[in-house]
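**Q** Residues 1 to 225 in the UniProt record's numbering are what the sequence shown spells out, letter by letter.
Think of the CB as a built atom: it goes at the ideal place given N, C-alpha and C, for glycine as much as any other residue.
As the structure is a prediction and not an experimental result, all values here were calculated from the model.
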Amino acid sequence: MMFTQQLKEEVEPIIESIYNDPFIQGMVRGDLSKEAVIHYLKADHLYLNEFAKIYSLLIPKLDDKEGIKFLLEQIDFVMNGEVTAHYTLADYAQVDYKTIIKDGEWYPTSDHYIKHMYFNAYRYSDAAFTICAMAPCPYVYQQVALKMKERHDFNGNPFKDWVDFYATEMKLLMEHLDGWVDEFAEHASEAERAVLTKNFKESCIHEKRFFNMAYTQETWESVVE
Ligand SMILES: Cc1ncc(CN)c(N)n1
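1. How is PRO22 classed by DSSP in three states: helix, strand or coil?
2. Give a yes or no on whether the C-beta atoms belonging to TYR139 and MET117 are separated by under 8 Å.
3. What are the boundary residues of the alpha helix (DSSP H) that GLN74 is part of?
4. So ALA93 packs on ILE38, CB below 8 Å; how close in whole Å?
5. Smallest Cα separation from residue 252: which of TYR113, PHE51, VAL83 and TRP220?
6. For the segment 191–211 against the segment 9–21, are there 3 or more C-beta pairs whose distance is under 8 Å?
7. Is the beta carbon of ASP164 closer than 8 Å to that of THR4?
8. Does DSSP classify HIS206 as helix, strand or coil?
9. Closer than 8 Å is the cut-off here; do at least three beta carbon pairs connect the segment 102–120 with the segment 188–204?
10. VAL181 and ILE100: beta carbons closer than 8 Å?
11. Run the CB neighbour count on THR168, radius 10 Å, all protein chains shown included, and call it buried at 16 or more, exposed below.
12. Within 10 Å of its beta-carbon, does GLU150 have 16 or more other beta-carbons around it, so buried, or fewer, so exposed?
13. I'd like the span of the alpha helix (DSSP H) that includes GLN94, first residue to last.
14. Report yes if the CB atom of MET134 is closer than 8 Å to the CB atom of ILE54, and no otherwise.
15. So, are the CB atoms of MET213 and TYR107 less than 8 Å apart?
16. At what residues does the alpha helix (DSSP H) containing GLN143 begin and finish?
17. Given a cut-off of 8 Å on the beta-carbon distance, is the pair LEU89 and TYR40 in contact?
18. Considering just the uninterrupted stretch of the alpha helix (DSSP H) at VAL224, what are its terminal residues?
See below:
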């Protein structure tokens with residue numbers, strides 16, 4: 001079995017639990033609180049900006065021209081393409097998107113997640129370590145969206161476009177990310193493979209916490225209350 005396939009099987013229970021968490025279930029019912037959506041957008045706008053910058057840190061770690069070109073396209077996609085999914089959420093919240101993101105915020109959970117990725121980008125010279133920390137970003141959303149679509153009819157649901165976007169748009173990216181990780185894993189030591197696994201799993205857990213952060217309206221003050 002390919003290394004990334006093994007990783008994906010190991011995190012399946014985490015993804016199922018994200019699907020069952022209140023943020024996603026609120027989307028399934030179409031009654032997620034507008035406050036949760038706004039909180040999510042404030043954090044996610046900043047998260048995606050940093051995510052794009054982390055792609056740029058991978059460029060010096062790659063040798064193949066095609067790979068570098070793909071990363072540059074992904075920077076554009078994160079900065080300009082994924083905003084489509086954000087607009088769907090802002091429309092639901094009935095607040096102007098630019099107004100929401102004007103005061104974006106780093107909450108404890110989103111702050112921790114992004115620093116997990118930066119740490120790996122600066123700590124390890126091979127891109128695979130950072131990619132394992134980044135891959136749950138597209139992978140978790142793709143899998144959650146596929147579960148949503150398989151289990152429910154989204155016609156008439158205000159989140160339909162969000163679900164369709166993540167169910168379809170992550171495929172090519174996952175193929176590239178899996179390819180890089182599998183290639184490195186083939187000749188990696190046991191200790192290195194353990195770090196790759198840990199990074200991937202931790203980011204899946206960060207994804208779960210990110211949705212819950214928005215649902216519970218987390219702030220720096222609320223975590224010490
Ligand atoms: C936190 C987070 N994780 C994943 C995605 C989907 N790229 C996102 N927009 N935000």
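**A** Walking through what the data contain:
1. In the structure shown, PRO22 falls within a helical segment according to DSSP collapsed to helix, strand and coil.
2. Not closer than 8 Å, so no.
3. Run containing GLN74: 65–76, per the alpha helix (DSSP H) assignment.
4. That pair is a contact at about 5 Å.
5. The requested residue 252 does not occur in the structure, where the chain is confined to residues 1 to 225.
6. Segments in contact, yes.
7. Annotated as distal: THR4 and ASP164, with beta-carbon spacing of 8 Å or more.
8. If DSSP states are grouped into helix, strand and coil, HIS206 belongs with the helices.
9. Yes, the segment 102–120 touches the segment 188–204.
10. No, they are not a contact pair.
11. Exposed: under 16 other Cβ atoms inside 10 Å.
12. GLU150 should be labelled exposed.
13. Counting along the chain, GLN94 falls outside any alpha helix (DSSP H), and DSSP gives it neither H nor E.
14. A contact, by the Cβ cut-off of 8 Å.
15. The Cβ atoms of MET213 and TYR107 sit closer than 8 Å to each other.
16. Per DSSP, GLN143 belongs to the alpha helix (DSSP H) from 136–151.
17. Remark: C-beta atoms of LEU89 and TYR40 approach each other more closely than 8 Å.
18. Run containing VAL224: none; DSSP gives neither H nor E here.
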